[in-house]
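J.: Numbering (my numbering), first residue to last: 324 to 862.
Where is the CB? At the ideal position from N, CA and C, for every residue including glycine.
Predicted model, so just to flag it, every value in this text is computed and none were measured.
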Amino acid sequence: MEELFKDWIGAIAVLVYLLYPLLKRWLDRRKKTEPRSAPREPAEASAPQRKPRAPSRPEPPFRTPPSPPARPATAPHAPEGDIIATTQARAMRLREQATALLRRAEGDPRLIRLVRALRDDLLDRLAAIDRSLAGKPTVSTVMQEATVIQGLQQLLRYLDRMAEQRLRGSASILGDADAMADACYAPLLELASAHGLGLRTSTPVVVSGDWALSIVPRFASTRVAPLRIPRGFGRSLWLWPAIAHEIAHDLYYSVDGLEADLHDRLGLPQRLSAPSSEREIDPGWLRQLFGAWLAEVFADTMGTLMLGPAYVETMRRAFRDPDSAHRTSAIFAGDGWIDEHPPARLRLYMASRVLHHLGRHQEGDSLWARWEAEHGEVGLYYLPLAGRWVGLSDESLHALADSIVDTLLGQSWPELADFQLMNIPGFAYLHAEHAETQRLRAQLARGETVHADVRWIMAAAVLAAAEQPALHDPILAAARLSIIGIGTEERRAQEPKAVRPPTGAIGDTLVASLRQPGAIREAIILGEAIRPYHAPRWR
């Protein structure tokens with residue numbers, strides 16, 4: 324009996340535990356639905372009560388808003404239609420602006436270099452976007468095209484800024500710089516045309532002033548290669564070889580796959596984080612430094628190949644800092660990553676190594692020895708580590724630098740039709756180019772204008788001014804007068820007429836011509852070409 328009683332008690336407790344919450348919820352809901360009782364009349368009081376304020380106007384009755392009319396099933400969704408219309412309007416405005424600039428560029432020789440970029444890179448892409456939006460694009464397609472339009476707007480702003488520079492009165496200096504850029508890039512463009520390389524650039528365009536470093540990668544998919552020149556470019560010979568450096572940067576980013584493939588072939592990363600402890604610094608980590616520096620190493624190597632000792636001479640003048648010699652050997656880092664620029668001292672060392680590959684051994688040794696003499700033979704490179712500087716042996720870094728330079732110059736480049744860099748036709752500063760530079764060097768030092776490839780004119784001018792610094796300005800003036808670029812006509816109109824030297828005897832002329840067999844061969848070919856045709860006589 325007692326056991327049965329305990330079972331009943333337990334069952335009742337469980338039932339109460341389950342039913343009580345339900346009962347409470349039902350009572351609460353009932354209280355909310357029941358009308359409230361009238362308020363209780365207050366008791367009489369001695370003080371008079373305030374009369375209730377009558378409402379100023381009766382409250383309007385609550386009305387249920389009418390339901391919106393049903394949309395037809397075939398109507399497009401409103402937000403999607405708005406996005407398409409907005410994107411089409413942006414494309415139309417951009418097309419009008421680009422067309423206006425194209426018309427100006429086609430009618431002005433100073434802007435002729437911008438024509439292909441405006442026509443092929445801007446208007447043709449906008450036409451493709453119009454065709455994409457004219458169909459039944461998805462939302463993701465519309466958003467993708469809107470992103471492309473945003474990039475094209477930025478491209479047009481850059482091109483418009485380039486046009487303003489060329490119309491503002493600096494056409495003469497930019498025209499001369501364009502001529503040198505054409506001469507430096509010509510062998511590479513001819514190689515790309517002959518072998519069908521994936522080089523997107525077709526027109527180098529020099530820009531002056533403060534342009535961000537990112538401008539070159541941003542233009543990598545266009546026909547235009549923007550080449551940044553520093554301020555004061557027209558007044559200093561030491562700044563002209565920077566054009567070769569900028570051309571190398573454009574080639575690095577504009578050839579399909581070159582940047583990634585080069586890193587893979589060398590086994591180098593594209594970025595390198597700064598070390599947090601000395602245990603991370605080993606020979607393998609030191610070699611990875613050149614992965615972070617590879618773009619600059621490539622540009623300096625190509626610049627030296629294009630201009631020879633003149634390029635390294637300008638590097639020495641631009642980077643030297645005898646008052647802070649240790650700074651020229653510092654490896655900088657920012658935001659936890661190694662900076663993309665190698666130390667100035669290491670850059671000059673690697674450029675002098677390239678000179679040895681070109682056969683300019685005396686110039687390579689001399690330039691490196693002058694650098695070390697000016698900077699007290701520092702003997703170390705310095706790496707920031709946990710708030711202090713750690714010295715790295717220059718022998719270890721120089722050995723790695725030698726292997727990188729030797730590989731860059733000794734390997735065949737699949738991206739460049741399997742040519743080695745020094746074997747690209749007409750590209751490298753070899754013995755014939757050095758002889759031509761030496762000939763021009765003497766003439767420019769005398770203030771004479773010359774007729775030759777613009778590369779060798781400016782290389783000779785740099786070497787002549789380095790040998791005779793007091794003649795820098797006359798040498799620069801003679802070199803610029805020798806360049807046939809946009810704006811040359813205005814300068815030559817002010818140039819005094821040159822007096823033709825008296826002609827020598829016929830014998831002297833014949834002896835001089837025998838020293839130029841190429842000219843004799845060309846004269847024979849020309850004579851055969853212009854001789855009237857006669858039927859052959861058979862004996």
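#1: Going straight from the alpha carbon of residue 443 to that of residue 546, what length do you get?
#2: Quick check: what's the CA-CA separation for residue 437 versus residue 485?
#3: Counting pairs of beta carbons, one from the stretch 718–729 and one from the stretch 670–687, are three or more of them closer than 8 angstroms?
#4: Could you please give me the residues that DSSP links to residue 578 through a beta bridge?
#5: Name the DSSP bridge partner or partners of residue 660?
#6: Taking DSSP as the reference, what is the three-state secondary structure of residue 752?
#7: From the DSSP output, in three-state form, read off residue 727 for me.
#8: Straight-line CA distance for residue 488 to residue 530?
#9: Considering residue 552, what are the terminal residues of the beta strand (DSSP E) in which it resides?
#10: Just list the residues that DSSP pairs residue 736 with in beta bridges.
#11: Rounded to the nearest angstrom, what separates residue 474 and residue 451 at their Cα positions?
#12: How would you label residue 454, buried or exposed, when you count the other beta carbons within 10 angstroms and need 16 or more for buried?
#13: Residue range of the beta strand (DSSP E) that residue 714 falls in?
#14: Between which residues of its own chain and residue 771 is the CB-CB distance below 7 angstroms, once the five residues before and five after are set aside?
#15: Measuring CB atoms only, is the stretch 616–627 touching the stretch 652–672, in the sense that at least three cross pairs come out at less than 8 angstroms?
#16: How about the stretch 786–806 and the stretch 558–572: do they share at least three Cβ pairs that are nearer than 8 angstroms?
#17: On the DSSP bridge assignment, give the partners of residue 785 in chain order.
#18: Pair every Cβ in the stretch 606–617 with every Cβ in the stretch 755–770, then say whether three or more of these pairs are closer than 8 angstroms.
#19: If you follow the alpha helix (DSSP H) that residue 797 is in, where does it begin and where does it stop?
#20: By DSSP's criteria, residue 707 is part of a beta bridge. Which residues make up the other side?
#21: Quick check: residue 777 and residue 548, are their CB atoms within less than 8 angstroms of each other?
#22: Measure the beta-carbon distance from residue 422 to residue 469 and round it to whole angstroms, keeping in mind my assumption that it falls under 8 angstroms.
#23: As a quick exercise: from 516, 636, 405 and 508, pick the residue whose alpha carbon is nearest that of residue 571.
#24: Using DSSP bridges, identify the partner residues of residue 527.
#25: Sorted by chain position, which residues of the same chain lie with C-beta nearer than 6 angstroms to residue 727's C-beta, five sequence neighbours on each side aside?
#26: Could you give the residue range of the alpha helix (DSSP H) that holds residue 701?
#27: Residue 698: which of 739, 716, 644 and 416 sits nearest, CA to CA?
#28: Which two residues bound the contiguous alpha helix (DSSP H) that contains residue 648?
#29: Taking the beta carbon of residue 755 as the centre, do at least 16 other beta carbons fall within 10 Å, making it buried, or is it exposed?
#30: Mind checking whether residue 660 and residue 597 have CB atoms under 8 angstroms apart?
#31: Could you pull the start and end residues of the alpha helix (DSSP H) that residue 792 belongs to?
#32: Near residue 798, what residues of its chain come up, given a Cβ to Cβ distance below 6 angstroms and the 5 sequence neighbours on each side ignored?
#33: Need the endpoints of the alpha helix (DSSP H) that residue 475 sits in, please.
#34: Using 10 angstroms around the beta-carbon of residue 374, count the other beta-carbons present and answer buried if the total reaches 16, otherwise exposed.
#35: Does at least one heavy atom of the ligand NAD sit under 7 angstroms from the Cβ of residue 593?
#36: Give a yes or no on whether the C-beta atoms belonging to residue 624 and residue 677 are separated by under 8 angstroms.
T.: Let me lay it out:
#1: 8 angstroms
#2: 8 angstroms
#3: yes
#4: 522
#5: 596 and 657
#6: coil
#7: helix
#8: 8 angstroms
#9: 547–552
#10: 742
#11: 15 angstroms
#12: exposed
#13: 711–716
#14: 801
#15: yes
#16: yes
#17: DSSP lists no partner for residue 785.
#18: no
#19: 795–804
#20: 712
#21: no
#22: 20 angstroms between Cβ atoms; not a contact.
#23: 508
#24: 548
#25: 613
#26: Careful: residue 701 lies outside any alpha helix (DSSP H) and carries neither H nor E.
#27: 644
#28: Unbroken run through residue 648: none, as it is neither H nor E.
#29: exposed
#30: yes
#31: Note, residue 792: premise wrong, no alpha helix (DSSP H); not H, not E.
#32: 767, 784, 787 and 788
#33: 462–490
#34: Confidence in residue 374 is poor, its pLDDT being 45 and thus under 50, which makes the residue's placement too unreliable to answer from.
#35: Although the ligand NAD was asked about, the structure shown includes no ligands whatsoever.
#36: yes
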